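Engineer: In this text, residue positions in the sequence shown follow this note's numbering: the first is 1, and each later residue adds one.
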Amino acid sequence: MRKTFAVLVLLLAFGSFAGAQDTFTTTMDSHVNVGDLMLNAGLNFGWGGLGVGGGVEFMFAEYEIPSFAPLTFGAAAKAALYFSSGVDIDLAALATMHLGSKGFKSLPAFLQNFDWYWGVGLGVGIGTWGGTGISTGSGICYYLNPTLAINADYFYTNYFGSGSGSSGVLGIRLTL
1 MRKTFAVLVL LLAFGSFAGA QDTFTTTMDS HVNVGDLMLN AGLNFGWGGL GVGGGVEFMF
61 AEYEIPSFAP LTFGAAAKAA LYFSSGVDID LAALATMHLG SKGFKSLPAF LQNFDWYWGV
121 GLGVGIGTWG GTGISTGSGI CYYLNPTLAI NADYFYTNYF GSGSGSSGVL GIRLTL
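Here you go:
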């Protein structure tokens with residue numbers, strides 16, 4: 001009985017591979033390209049309270065994963081200013097990587113407008129929990145047109161031995 005079941009499972013598995021069709025269509029299109037300079041700004045929701053935040057990013061390299069998608073690499077500077085019992089400032093310089101869904105042509109059109117990004121670098125905090133440390137960041141953009149996107153951005157800095165700071169910014173991103 002077990003052998004019959006195992007043979008049946010193997011036949012079904014190999015049969016599904018043999019009958020599979022290539023329905024996953026991709027191109028190397030991307031919302032973020034080499035040479036792009038992007039600005040973002042918005043409301044900041046940090047540990048220290050509400051404030052404003054933003055940043056600038058320049059894209060300098062692209063690596064294409066064959067038959068899948070392009071990855072775009074850049075450098076970003078992030079800033080957050082928030083108001084609590086005083087004024088706190090978080091700054092970060094990050095190396096970034098973007099993966100967009102524009103090239104996934106088998107997705108519905110509205111899903112092709114997303115771009116995800118991640119970064120790592122150094123950060124500094126001035127204020128209540130000041131210090132210097134490792135900073136990480138991530139975010140997502142939804143492109144309304146080729147140059148304007150709604151942006152949700154987050155970066156976190158772990159200050160060496162003296163606390164940490166974080167910033168979540170909801171705003172817009174503009175490609176110049």
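The beta carbon of each residue, even a glycine, is placed where N, CA and C say it ideally should be. If you're wondering where the values come from, they're calculated on a predicted model, not measured in any experiment.
#1: Counting along the chain, where does the beta strand (DSSP E) carrying Met59 start and finish?
#2: Please report how far the alpha carbon of Ile89 lies from the alpha carbon of Tyr156, in whole angstroms.
#3: Comparing alpha-carbon positions, which option in Gly86, Asn145, Gly103 lies nearest Leu176?
#4: Please state whether the Cβ-Cβ distance between Gly42 and Thr72 is less than 9 Å.
#5: What are the boundary residues of the beta strand (DSSP E) that Asn113 is part of?
#6: Report the rounded CA-to-CA distance for Asn158 versus Gly125, giving the unit in angstroms.
#7: Candidates Phe83, Asn113, Lys78, Gly139: which alpha carbon is nearest Thr128's?
#8: Between Asp29 and Trp116, what straight-line distance do the alpha-carbon atoms span, to the nearest angstrom?
Structural biologist: Considering the structure as presented:
#1: Position 59 of the sequence shown holds residue 59. Run containing Met59: 49-65, per the beta strand (DSSP E) assignment.
#2: Within the sequence shown, the letter at position 89 stands for residue 89. Within the sequence shown, the letter at position 156 stands for residue 156. Distance between the alpha carbons of Ile89 and Tyr156: 12 Å.
#3: Locating residue 176 in the sequence shown gives position 176, counting from the first residue. The option with the nearest alpha carbon to Leu176 is Asn145.
#4: The count along the sequence shown starts at 1 and reaches residue 42 at position 42. The count along the sequence shown starts at 1 and reaches residue 72 at position 72. It is not a contact, given that the beta carbons lie outside the stated cut-off.
#5: Walking along the sequence shown from the start, residue 113 turns up at place 113. Per DSSP, Asn113 belongs to no beta strand (DSSP E) and is neither H nor E.
#6: Position 158 of the sequence shown, counted from the start, is the residue given in the question as residue 158. Position 125 of the sequence shown, counted from the start, is the residue given in the question as residue 125. The alpha-carbon atoms of Asn158 and Gly125 are separated by roughly 10 Å.
#7: Taking the sequence shown and counting its residues from 1, the one referred to as residue 128 is at position 128. Ranking the options by Cα distance to Thr128, first place goes to Phe83.
#8: Residue mapping note: residue 29 aligns to position 29 of the sequence shown, counting from 1. Residue mapping note: residue 116 aligns to position 116 of the sequence shown, counting from 1. Cα to Cα, the separation comes out at about 14 Å.
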